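**Student:** Numbering (the numbering used here), first residue to last: 2 to 492.
We treat Cβ as the ideally placed atom computed from N, Cα and C, and that holds for glycine.
From a predicted model like this one, the values you see are computed outputs, not experimental measurements.
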Ligand code: MN
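1. Return helix, strand or coil for residue 147, following the three-state DSSP convention.
2. Under 7 Å Cβ to Cβ from residue 38, same chain only, skipping five residues before and after it: list those, please.
3. Would residue 348 pass as a contact of residue 326 if the rule is Cβ separation under 9 Å?
4. To which residues does DSSP link residue 165 through a beta bridge?
5. Can you tell me which residues fall inside 6 Å of the ligand MN, judged by beta-carbon distance to its nearest heavy atom, and keep chain order?
6. Any chance you could list the beta strand (DSSP E) runs of at least 3 consecutive residues sitting entirely within the segment 364-390, in chain order?
7. Which parts of the segment 307-360 are runs of the beta strand (DSSP E), unbroken and 3 residues or longer, counting only runs that do not cross its ends?
8. If you draw a straight line from the alpha carbon of residue 402 to that of residue 322, how long is it in whole angstroms?
9. Using 9 Å as the threshold, is the C-beta distance between residue 201 and residue 450 below it?
10. Using the Cβ count rule (16 or more neighbours within 10 Å means buried), how would you classify residue 360?
11. What's the C-alpha gap between residue 430 and residue 65?
12. May I have the straight-line CA-CA distance separating residue 240 from residue 278, to the nearest angstrom?
13. Between residue 163 and the ligand FAD, is the CB less than 8 Å from at least one heavy atom?
14. Let's see if you can read the secondary structure: which residues bound the alpha helix (DSSP H) around residue 462?
15. Work out the CA separation of residue 302 and residue 178 for me, nearest whole Å.
16. Among 273, 282, 393, which has the Cα closest to the Cα of residue 254?
17. With distances taken Cα to Cα, identify the nearest neighbour of residue 20 among 119, 75, 103, 106.
18. Bridge partners for residue 50 per DSSP, in chain order?
19. Quick check on residue 230: does DSSP put it in helix, strand or coil?
20. Can you tell which of 313, 61, 127 has its C-alpha closest to the C-alpha of residue 387?
21. Could you name each continuous beta strand (DSSP E) segment of 3 residues or more that falls completely within the segment 387-415, going from the start of the chain to the end?
22. Kindly indicate which three-state DSSP category residue 111 falls into: helix, strand or coil?
23. Out of curiosity, what's the CA-to-CA distance linking residue 442 and residue 482?
24. Please name the residue in 171, 319, 416 whose C-alpha comes closest to that of residue 365.
25. What's the gap between the Cα of residue 486 and the Cα of residue 477?
26. Using the Cα positions of residue 230 and residue 90, report the straight-line distance between them to the nearest angstrom.
27. Given 8 Å as the limit, is there contact between the segment 78-85 and the segment 6-16, that is, 3 or more CB pairs closer than that?
28. For the 8 Å Cβ check, are there 3 or more pairs between the segment 25-41 and the segment 91-104?
29. Give the secondary structure of residue 268 by DSSP, where H, G and I count as helix, E and B as strand, and everything else as coil.
30. Helix, strand or coil, according to DSSP, for residue 423 in the structure here?
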């Protein structure tokens with residue numbers, strides 16, 4: 002499902018105490034609020050007003066309907082009047098969708114002359130939302146609390162941002178990952194418990210033979226290949242005479258895409274150690290597939306592949322870019338300390354600052370023909386890098402704030418796409434924090450999704466979240482990790 006196909010159900014709390022007139026007003030206003038917020042253009046998905054809740058039966062039914070409806074990616078609740086929250090307990094206990102408590106108010110100002118006790122009885126969100134907040138806390142509900150005036154742009158943006166995280170949660174629950182070959186031999190961080198991961202995140206991670214992919218590549222027709230070659234020529238600058246090597250990547254792209262689509266997979270992995278029967282490691286092919294929204298992870302890293310797909314689903318329609326990434330090397334010159342990120346080949350061109358070039362160069366490992374790849378520099382601007390690791394018994398999502406810069410060197414002999422960034426709080430403390438938390442060398446780098454959205458997503462999936470920011474101090478981080486270890490053992 003695309004972003005626009007998802008709905009968020011708006012449920013407004015009240016009770017029967019105030020008489021039908023108040024309830025009619027609440028109902029009319031809730032409709033108006035949903036209509037106006039939808040028309041504002043800041044919500045990526047439709048907000049559907051469903052109900053003014055007055056009884057446990059109504060709430061119970063609504064929750065069952067929400068759980069059952071695939072289009073419903075979350076519920077947004079707001080208490081227009083006081084709504085005694087014992088009537089919410091049974092329903093909330095059954096809720097399986099992400100839940101946002103939107104603490105707002107119909108009117109912005111207190112009307113000085115008009116305010117009387119009727120006004121107070123109708124407009125008591127400040128009081129009703131506290132009763133509702135208590136029951137959320139008391140039930141230990143996973144929820145997002147957003148407080149603000151519903152007509153304000155920044156408030157609608159926050160709601161929209163949370164919606165994207167919830168779409169990431171819905172996407173996760175149906176995500177299938179295709180593996181060609183196993184993880185790279187002896188590597189630890191790309192391993193993980195696939196049963197535990199599926200239980201928590203929903204990801205179905207399974208393997209397919211490289212030999213089947215080889216058959217699919219052989220079956221690609223000349224007409225299909227030439228059509229894609231024309232597209233490549235229009236979209237990128239072809240800076241090589243070795244068009245046969247480019248053609249092989251075009252065939253690999255068509256073949257991998259066919260297999261992914263037939264199996265309903267939105268992400269895949271491969272490894273240079275298992276390319277039996279293939280002429281090249283897919284480089285250009287993997288870059289192009291990422292650009293089309295598929296997740297990818299090198300060296301059999303299915304966790305980073307799935308995370309790339311999830312973040313791409315969350316950021317649908319945004320234009321900053323999201324890619325599989327790897328920390329490669331540092332510039333430790335004092336005063337301009339940067340990380341240089343790249344991969345052997347596979348960086349998504351959605352992050353390119355200018356038109357990418359198709360080039361053909363030797364790879365050095367894998368023992369195959371020289372692969373065609375897209376070469377470019379990543380764009381400047383704030384971004385995050387994200388790594389999901391398996392701690393044994395639980396998953397930890399690590400997120401670091403970074404500031405991408407124009408690469409400070411031209412690096413004419415480096416034949417791969419590259420991004421250069423300053424890690425927060427600074428390169429060395431940032432590296433110490435990342436290494437202390439156990440973050441992988443593989444990450445997802447995104448300019449479109451924020452750390453708050455990743456935190457929301459981790460909360461929805463019920464996994465640990467570690468955020469390295471401009472304010473991170475190693476001692477405090479170590480303390481947090483120690484406490485988290487204890488807390489997650491108790492859960
Ligand atoms: Mn790698």
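**Tutor:** If we stick to the structure as given:
1. Residue state, collapsed to three classes: strand.
2. Counting only Cβ-Cβ distances below 7 Å, and skipping sequence neighbours, we find 44, 48, 151, 157.
3. Yes, Cβ-Cβ distance for residue 348 and residue 326 is below 9 Å.
4. DSSP output for residue 165 lists no bridge partner at all.
5. Those residues placing their Cβ nearer than 6 Å to any heavy atom of the ligand MN are, following chain order, 299, 300, 327, 344, 443.
6. Contiguous beta strand (DSSP E) elements confined to the segment 364-390 occur at 373-376, taking only those with 3 or more residues.
7. Entirely contained in the segment 307-360, the beta strand (DSSP E) runs reaching 3 residues are, in chain order, 323-332, 339-342.
8. Looking at the two C-alpha atoms, the distance is approximately 15 Å.
9. No. Outside cutoff.
10. Of the residues assessed, residue 360 falls on the buried side of the cut-off, its CB having 16 or more other CB atoms within 10 angstroms.
11. The alpha-carbon atoms of residue 430 and residue 65 are separated by roughly 48 Å.
12. Near 27 Å, if we compare the C-alpha coordinates of residue 278 and residue 240.
13. No copy of the ligand FAD appears in this structure; the ligands present are the ligand MN.
14. Counting along the chain, residue 462 sits inside the alpha helix (DSSP H) bounded by residues 452-462.
15. Distance from the CA atom of residue 178 to the CA atom of residue 302, rounded to whole angstroms, is 11 Å.
16. The shortest Cα separation from residue 254 among 273, 282, 393 belongs to 282.
17. Closest in alpha carbon position to residue 20, among 119, 75, 103, 106, is 119.
18. DSSP lists 11 as partners of residue 50.
19. It is helical.
20. Measuring C-alpha to C-alpha distances from residue 387 to each of 313, 61, 127 identifies 313 as the nearest.
21. Listed in chain order, the complete beta strand (DSSP E) runs (minimum 3 residues) inside the segment 387-415 are 396-406.
22. Taken through DSSP and simplified to helix, strand or coil, residue 111 comes out as coil.
23. Near 19 Å, if we compare the C-alpha coordinates of residue 482 and residue 442.
24. Ranking 171, 319, 416 by CA distance to the CA of residue 365 puts 416 first.
25. Residue 477 has its alpha-carbon roughly 14 Å from the corresponding atom of residue 486.
26. Within the model, the alpha-carbon separation for residue 230 versus residue 90 is close to 59 Å.
27. The segment 78-85 makes contact with the segment 6-16, as at least three CB pairs between them are under 8 Å.
28. Cβ pair count under 8 Å is below three, so no.
29. Residue 268: strand per DSSP, three-state reduction.
30. Per DSSP, reduced to three states, the secondary structure at residue 423 is strand.
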